[in-house]
Amino acid sequence: MDARARLIAKKEAAALRAYGPGRRVSQNRSQFWLAALHLLPARLHYQLRQLPAIHWWQYTAATAAAALVLAPLVMVLASWWQPMDLYWQGLHRSEVWMAGLQTFLLLDGVLLAATGLGISLAWFTTMFAFPGRRLLSWGLLAPFLLPPYVLAHCFQQGLYWGLGYDFRSLLGLCVVLSLSFYPIVYLIARLAFASQGARSIEMARSLGQRPSGILLKVSLPLATPWIIGAVLIVAMEVMSEFAAAQSYQTTTLATLIFDAFFQFGAYNSAARLAAILVVVFLAMLLIDRM
Numbered sequence: 001m002d003a004r005a006r007l008i009a010k011k012e013a014a015a016l017r018a019y020g021p022g023r024r025v026s027q028n029r030s031q032f033w034l035a036a037l038h039l040l041p042a043r044l045h046y047q048l049r050q051l052p053a054i055h056w057w058q059y060t061a062a063t064a065a066a067a068l069v070l071a072p073l074v075m076v077l078a079s080w081w082q083p084m085d086l087y088w089q090g091l092h093r094s095e096v097w098m099a100g101l102q103t104f105l106l107l108d109g110v111l112l113a114a115t116g117l118g119i120s121l122a123w124f125t126t127m128f129a130f131p132g133r134r135l136l137s138w139g140l141l142a143p144f145l146l147p148p149y150v151l152a153h154c155f156q157q158g159l160y161w162g163l164g165y166d167f168r169s170l171l172g173l174c175v176v177l178s179l180s181f182y183p184i185v186y187l188i189a190r191l192a193f194a195s196q197g198a199r200s201i202e203m204a205r206s207l208g209q210r211p212s213g214i215l216l217k218v219s220l221p222l223a224t225p226w227i228i229g230a231v232l233i234v235a236m237e238v239m240s241e242f243a244a245a246q247s248y249q250t251t252t253l254a255t256l257i258f259d260a261f262f263q264f265g266a267y268n269s270a271a272r273l274a275a276i277l278v279v280v281f282l283a284m285l286l287i288d289r290m
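Here the sequence shown stands for residues 1 to 290, numbered as in my numbering.
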């Protein structure tokens, strides 16, 4: 028997195993696939019968919830296929590029600072015992209780009155948003470190690892999925923050959306700018999945 005949026989045996005995499949290749397609509805019906029973109202509720969540997203993305309004026609391309560049720089700076600060404080309050640790571990969440623009105003007024320094810049905004959003990373990382248990850490110590080695080689790799989720939440908060950016005279995509929507009533332009942020965040999610 040549190789082609063996292949056909193998496919016939697989078809007989898949669709049950008593069905003779022809040696002809075309008839083989026709037979497989003929038996496909029965096979799908059998697979669907194996699924747990779901009532019609559950399908309806799931569909309605999905439509409710996806409808605003679809409307925002569909704004690029709608006619341009006067605000978008008068908006210079350089303004959009500059706002996008400042948003990108702000996002990078805040993510780096908030992630580093949150992980460091979470590791310190979880792994070391010292007087007042419980009070400090909860007190580090206090900056998240204040809106970012209130924290930005406090920083600006305190530095201007105390040192005469104007803190309103992209760097100042990066510092304020990092201090405002690091508790997200801190809280999630602390829960991740606390849930790992002491066994893995004791094993690392018995192998001669220092605290820095335990963090980099044991605890941090185990907590990476938690930290990535926290970083994505911080990224959403930074990209949507406009009040602190306006207070610090920094033009971002969020401030352009606010101006287009509230000052000029250009709803289509605001939706187009929001679609850019949606695409950027979806790209971040795709990179995280990859």
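Beta carbons are placed, not taken as given, at the ideal position from N, Cα and C, and that holds for glycine.
By alpha-carbon distance to residue 125, the top candidate from 114, 264 and 190 is 190. Taking a 10 Å sphere around the C-beta of residue 174, we find 16 or more other C-beta atoms and assign the residue as buried.
In this chain, the alpha helix (DSSP H) harbouring residue 108 covers 93 to 127. For residue 259, there is no enclosing alpha helix (DSSP H), as DSSP marks it with neither H nor E. In terms of Cα proximity to residue 196, the closest of 63, 224, 177 and 75 is 224. Rounded to whole angstroms, residue 89 and residue 263 show a C-alpha spacing of 16 Å. Setting aside the 5 residues that flank it on each side, residue 254 is surrounded in the same chain by 103, 239, 240, 241, 242, 245 and 277, each with a C-beta closer than 8 Å to its C-beta; the list follows chain order.
Residue burial is scored here from C-beta neighbours: residue 234 has at least 16 other C-beta atoms within 10 angstroms and is therefore classed as buried.
Taking 8 Å as the cut-off, the beta carbon of residue 87 is found no closer than this to the beta carbon of residue 274. With a minimum length of 4 residues, the unbroken runs of alpha helix (DSSP H) contained wholly in the segment 54 to 84 fall at 56 to 78.
Our two residues, residue 250 and residue 172, have alpha carbons roughly 10 Å apart in a direct line. Here DSSP, grouped into helix, strand and coil, assigns residue 169 to coil.
Here residue 185 is not near residue 155, since their CB atoms are 8 Å or more apart. Selection 283, 286 and 272 evaluated against residue 83 yields 272 as nearest (Cα-Cα).
Boundaries cannot be given for residue 216, as no alpha helix (DSSP H) includes it and DSSP labels it neither H nor E.
Residue 260 and residue 85 have their alpha carbons spaced roughly 11 Å apart. Remark: C-beta atoms of residue 178 and residue 110 approach each other more closely than 8 Å. The C-alpha of residue 107 lies about 21 Å from the C-alpha of residue 290. In this structure, DSSP gives residue 220 a helical state, which the three-state scheme calls helix. The beta carbons of residue 201 and residue 227 sit about 17 Å from each other, so the pair does not count as a contact at 8 Å. Taking the C-beta atoms as reference points, residue 218 is found nearer than 8 Å to residue 204.
With 16 or more other Cβ atoms from the protein chains shown falling within 10 Å of its own Cβ, residue 256 counts as buried. The C-beta distance from residue 180 to residue 221 rounds to 28 Å, too long to meet the 8 Å contact threshold.
If you ignore the 5 residues before and after residue 144, its C-beta comes within less than 6 Å of the C-beta of 183, all in its own chain and listed in chain order. The beta carbon of residue 285 is closer than 8 Å to those of 232 in its chain, skipping five residues each way along the sequence. Looking at the backbone, the Cα of residue 78 and that of residue 282 are separated by about 16 Å.
Cβ neighbours of residue 141 within its own chain (closer than 6 Å, five residues either side excluded): 183. Under the three-state reduction of DSSP output, residue 147 falls in the coil class, being neither helix nor strand.
Between the alpha carbons of residue 113 and residue 169 lies a distance of about 17 Å. Inclusion of residue 152 and residue 248 in the CB contact set at 8 Å is warranted, their separation being smaller than that value.
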